[in-house]
Amino acid sequence: MATFESGLRYSESHEYVRTEGEYAYIGISDYAQHALGNIVYVDMPEVDDEVSAGEEFGAVESVKAASDLISPVSGTVVEVNSALDDEPELLNKDAFANWIIKVQMSDPSELDSLMDVEAYKAHCEA
Amino acid sequence: MNNKLYGKLIFELSHPGRKGCALQQLPASHHSATDLPAHLLRSAAPRLPECDELTVARHYTNLSHDNFGVNDGFYPLGSCTMKYNPAIDEEVAAIGAFAATHPEQAMHHDHPMLRIYTQLRQALAELTGLSEFTLNPCAGAHGELTGLMIIRAYHEHRGDAARTKVLIPDSAHGTNPASAAVCGLEVVEVRSLPDGTIDVSHLEELLSAIGSEVAAMMMTNPNTLGIFEPRVLDITAKVHAAGGLMYYDGANLNALLGCCRPGDMGFDVCHVNLHKTFATPHGGGGPGSGPVGVRKGLEAFLPLPYVMVDAEGRHRVLTRREERPLSIGSIGAYLGNYGVLIKALAYILSLGREELRHVGPLATLNANYVKEQLRDTFLLPIDRVCKHECVFDGLADKSTGVTTMDVAKRLLDYGYHAPTIYFPLLFHESLMIEPTENESKETLDAFIAVMHKIAEEAQSDPEMVKTAPHSTPIGRVDDVLAAKHPVTTYWKSLEK
Numbered sequence: 137m138a139t140f141e142s143g144l145r146y147s148e149s150h151e152y153v154r155t156e157g158e159y160a161y162i163g164i165s166d167y168a169q170h171a172l173g174n175i176v177y178v179d180m181p182e183v184d185d186e187v188s189a190g191e192e193f194g195a196v197e198s199v200k201a202a203s204d205l206i207s208p209v210s211g212t213v214v215e216v217n218s219a220l221d222d223e224p225e226l227l228n229k230d231a232f233a234n235w236i237i238k239v240q241m242s243d244p245s246e247l248d249s250l251m252d253v254e255a256y257k258a259h260c261e262a
Numbered sequence: 128m129n130n131k132l133y134g135k136l137i138f139e140l141s142h143p144g145r146k147g148c149a150l151q152q153l154p155a156s157h158h159s160a161t162d163l164p165a166h167l168l169r170s171a172a173p174r175l176p177e178c179d180e181l182t183v184a185r186h187y188t189n190l191s192h193d194n195f196g197v198n199d200g201f202y203p204l205g206s207c208t209m210k211y212n213p214a215i216d217e218e219v220a221a222i223g224a225f226a227a228t229h230p231e232q233a234m235h236h237d238h239p240m241l242r243i244y245t246q247l248r249q250a251l252a253e254l255t256g257l258s259e260f261t262l263n264p265c266a267g268a269h270g271e272l273t274g275l276m277i278i279r280a281y282h283e284h285r286g287d288a289a290r291t292k293v294l295i296p297d298s299a300h301g302t303n304p305a306s307a308a309v310c311g312l313e314v315v316e317v318r319s320l321p322d323g324t325i326d327v328s329h330l331e332e333l334l335s336a337i338g339s340e341v342a343a344m345m346m347t348n349p350n351t352l353g354i355f356e357p358r359v360l361d362i363t364a365k366v367h368a369a370g371g372l373m374y375y376d377g378a379n380l381n382a383l384l385g386c387c388r389p390g391d392m393g394f395d396v397c398h399v400n401l402h403k404t405f406a407t408p409h410g411g412g413g414p415g416s417g418p419v420g421v422r423k424g425l426e427a428f429l430p431l432p433y434v435m436v437d438a439e440g441r442h443r444v445l446t447r448r449e450e451r452p453l454s455i456g457s458i459g460a461y462l463g464n465y466g467v468l469i470k471a472l473a474y475i476l477s478l479g480r481e482e483l484r485h486v487g488p489l490a491t492l493n494a495n496y497v498k499e500q501l502r503d504t505f506l507l508p509i510d511r512v513c514k515h516e517c518v519f520d521g522l523a524d525k526s527t528g529v530t531t532m533d534v535a536k537r538l539l540d541y542g543y544h545a546p547t548i549y550f551p552l553l554f555h556e557s558l559m560i561e562p563t564e565n566e567s568k569e570t571l572d573a574f575i576a577v578m579h580k581i582a583e584e585a586q587s588d589p590e591m592v593k594t595a596p597h598s599t600p601i602g603r604v605d606d607v608l609a610a611k612h613p614v615t616t617y618w619k620s621l622e623k
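These protein sequence lines are chains R and L, in that order.
For the first sequence, our numbering begins at 137 and goes up steadily by one.
For the second sequence, our numbering begins at 128 and goes up steadily by one.
Right under this line is the structure:
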């Protein structure tokens, strides 16, 4: 069964955000990796790329389907998790430990429109 | 298989120097070394398998025993309309005069093949409620691209080149956005409601925001969930009011064949898949064919070569732009896949207008019968009358850990082709069954019984289902390894 981590913010399209000051670590939830199944490829942006809330920033591909990654916040990519290039299955092993991109947020108030863990859990069960 | 020799790859049967036939030495006047430029010549001989003819014949005959087609058994591959290909269609297409005609021959004045072309395009126009068809596109997606090129040319001709966006529902076949992108158009997604139909209020929002940039909306009806779009007339009227055209993806036309027509629903351009709705073979037995129809007023944009009929009923093929200045031009060689066109016409004529009316209703009846018989064992996410196919979201009981993939693999052990799985993407465990109108109640009952049996096995022995298939020549394949490290040639597979 999918696990849920508290203290994070979640989007309807199953991305999570872990914040550290002005930085946001963005990944996919454990529920999302369960639904996708074995992940074989992660398409990530490059450092210094701009991302906008609600816009696509990459994609994850599993043996079942390819799914767009939608950024929950706006800002600049300062780091990408390049370990996922060779080992995309890290997302299956531990989706919360393996973030995909680190973003310097331009508008942290966007976090307010995201869900907390209880709301996200209800969203997944609906 | 105890006869191990024939469980091998052709490369493993190879012996250096063994030959199946003796090739003659080419005369000196035809020599590749002098006929071709140096940079195109091979530096080393190709590494081909070397076998005698009997070994080759046995190898491929044995391989063919591992194949599975509609003529082997039930093939409920959702979204693909795996109909039986009637023998009479094949017989007609194999008639010497048809089979031996070179496409170039048929390009000439009043060739009989051109009459077949006209007969088929008229039949398709009647069945879809559109004005005129081109039979040139060689596949469904090729038809989509052709249709979008026509739409683009139409807007450009009107001096309205700003229309570069195509509205596509999130439930669409993946080919729709792909075709739009190839045509240089931008894809804008229209959301679905929880019942799988188009969210018309979202469409309205999009039209009021970007209506003047919309070239067209692409729609499949019934949609990819097998559900008829109840507001289709409303949708086509709204898109037309915004100045856009409506494109009908004919992938699911089988559900409606003989009962209702895209033209009457307000569609301007559509493609039909002869290899689905009109019972010509898929894939290996193919090739495909994706004729495109247009409503009145768009005929001038149809591609070249164009088959013209003069006042005396004589046929002529127009190939030059000067003769058809608004045409989108050529989209492929000659006039499409002739053999396929003959089979489709044979199908239409052998059934006839009255019998064709039964196709859609029988396909719909079969799909609903399967749906109702399986709805307690499998999770039915959309509980309403479906059209030609039904979609389940995996087993109703998820506690065993047995997935849709496992059910599909286990079906192979029982001698069935698997249904379509993990499409549409709206559900996590999609399992999509399209029986087609051909199947008898006995066949459907036998399949339903096996589906119930697999659900029981998922309870009593989940591990066995998760490791299926157990009786096929190749067991469970490693999809992850194949996706991450694709090795597609024999010699590459030896490098480790």
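The beta-carbon is built from N, C-alpha and C at its ideal position, and this holds for glycine as well.
Here the structure is a predicted model, which is why all the values come from computation and not from measurement.
Among L/Thr570, L/Ala299, L/Pro596, which has the Cα closest to the Cα of L/Pro203? Closest in alpha carbon position to L/Pro203, among L/Thr570, L/Ala299, L/Pro596, is L/Thr570.
Original post:
Would R/Tyr167 pass as a contact of R/Met251 if the rule is Cβ separation under 8 Å?
Top reply: No, Cβ-Cβ distance for R/Tyr167 and R/Met251 is not below 8 Å.
**Q.** Cross-chain neighbours of R/Val196 in chain L, by beta carbon under 9 Å
**A.** Within chain L, no residue comes near R/Val196; the closest Cβ sits about 12 Å away, beyond 9 Å.
Restricting to runs no shorter than 4 residues, where is the alpha helix (DSSP H) found entirely within the stretch 333-410 of chain L? 359-368, 389-392
Let me know if L/Asn194 comes out buried or exposed under the rule of 16 or more other beta-carbons within 10 Å of its beta-carbon. exposed
Open item on the list: Measuring straight from C-alpha to C-alpha, what distance separates L/Met344 and L/Leu445?
Closed with: 31 Å
Complete runs of the beta strand (DSSP E) confined to the stretch 222-299 of chain L [at least 3 residues] = 259-261, 292-296
task = Please confirm if R/Val199 has its CB atom under 8 Å from at least one CB of chain L.
result = yes
Chain-ordered residues of the stretch 542-564 of chain L with a beta carbon less than 7 Å from chain R: Tyr549, Leu552, His555
* To do: Name the residue from L/Asp322, L/Thr302, L/Leu272, L/Ser328 whose alpha carbon lies nearest to the alpha carbon of L/Val88.
  => Residue 88 of chain L cannot be examined here, being either before or after the span of chain L that is shown, 128 to 623.
- Do you know offhand how far L/Asp624's Cα is from L/Glu139's? No information on residue 624 of chain L is available, as it lies outside the stretch 128 to 623 that chain L covers here.
* Asked: Is L/Ser319 near L/Ser298, with beta carbons less than 8 Å apart?
  -> yes
Q.
Give me the DSSP bridge partner(s) of L/Cys517.
A. L/Ile560
So with Cβ pairs under 8 Å, would you call R/Tyr256 a contact of chain L? no
Mind checking if R/Val176 is an interface residue toward chain L, Cβ cutoff 8 Å exclusive?
-> Yes, R/Val176 lies at the interface with chain L (some Cβ there is under 8 Å from its Cβ).
Margin query: So, with DSSP's three-state summary, where would you put L/Phe574?
Written below: helix
Determine the closest residue to R/Tyr282 out of L/Pro173, L/Pro613, L/Ser620, L/Thr324, with distance taken between C-alpha atoms. Residue 282 of chain R is absent from the model: chain R starts at 137 and stops at 262.
- request: Kindly list, in the order they appear in chain R, the residues whose Cβ is closer than 8 Å to that of L/Val592.
  value: Neighbours of L/Val592 on chain R: none; closest Cβ ~16 Å, over 8 Å.
Quiz prompt | Assigned secondary structure, L/Ser620 (DSSP; H/G/I helix, E/B strand, else coil) | solution = Looking at L/Ser620 - three-state DSSP - the assignment turns out to be helix.
Interface residues of chain R facing L/Lys611 [CB-CB closer than 9 Å]: Val176, Tyr177, Pro224, Glu225
Open item on the list: Any beta carbon from chain L within less than 8 Å of R/Ala233's own beta carbon?
Closed with: no
Item checked: Limits of the unbroken alpha helix (DSSP H) element including R/Lys229 -> 226-229
Check: So what's L/Lys135 in DSSP terms, helix, strand or just coil?
Finding: coil
message: If you follow the beta strand (DSSP E) that L/Met591 is in, where does it begin and where does it stop?
response: Here L/Met591 belongs to no beta strand (DSSP E); instead the alpha helix (DSSP H) covers 589-593.
Can the beta-carbon of L/Pro432 be found closer than 8 Å to that of L/Tyr461?
-> yes
Notebook entry, point to check: Hey, L/Glu332 and L/Met346 are a contact pair by Cβ (cut 8 Å); roughly how many whole angstroms apart?
Noted result: So it is not a contact: roughly 17 Å between Cβ atoms.
**Item:** Short Cβ contact (8 Å threshold) for L/Asn379 with L/His515
**Value:** Closer than 8 Å, so yes.
- Query: In the structure shown, what three-state DSSP assignment does L/Arg443 receive?
  - Reply: strand
**Message:** Can you pull the chain L neighbours of R/Ala171, defined as C-beta to C-beta under 7 Å?
**Reply:** For a Cβ distance threshold of 7 Å, residue set His555 of chain L lies close to R/Ala171, ordered along the chain.
Report task. Could you check what DSSP says for L/Met128 in three-state terms: helix, strand or coil? Result -> With a pLDDT of only 46 at L/Met128, under the threshold of 50, the placement of this residue in the model should not be trusted, and no figure is reported.
Nearest to L/Ser567 by alpha carbon, out of L/Asp510, L/Asn493, L/Thr615, L/Ala582?
Here the closest residue by C-alpha is L/Asn493.
With distances taken between CB atoms, is the gap from L/Ala220 to L/Ile469 smaller than 8 Å?
yes
Would you say L/Asp606 faces chain R, with C-beta separation under 8 Å as the test?
At least one chain R Cβ lies under 8 Å of L/Asp606.
Check your understanding: By DSSP, does L/Ile458 sit in helix, in strand, or in coil?
Key -> coil
*asked:* Using only the alpha-carbon positions, how far apart do L/Pro508 and L/Val518 sit?
replied: Here the alpha carbons of L/Val518 and L/Pro508 stand approximately 8 Å from one another.
Practice prompt. Within the same chain, show all residues whose beta-carbon is closer than 6 Å to that of L/Phe197, passing over the 5 residues directly before and after it, in chain order.
Written response: What sits at residue 197 of chain L in the sequence shown is Val, not Phe. Short of 6 Å from the beta carbon of L/Val197, and not among the five residues preceding or following it, lie these beta carbons of its own chain, in chain order: Met209, Tyr211.
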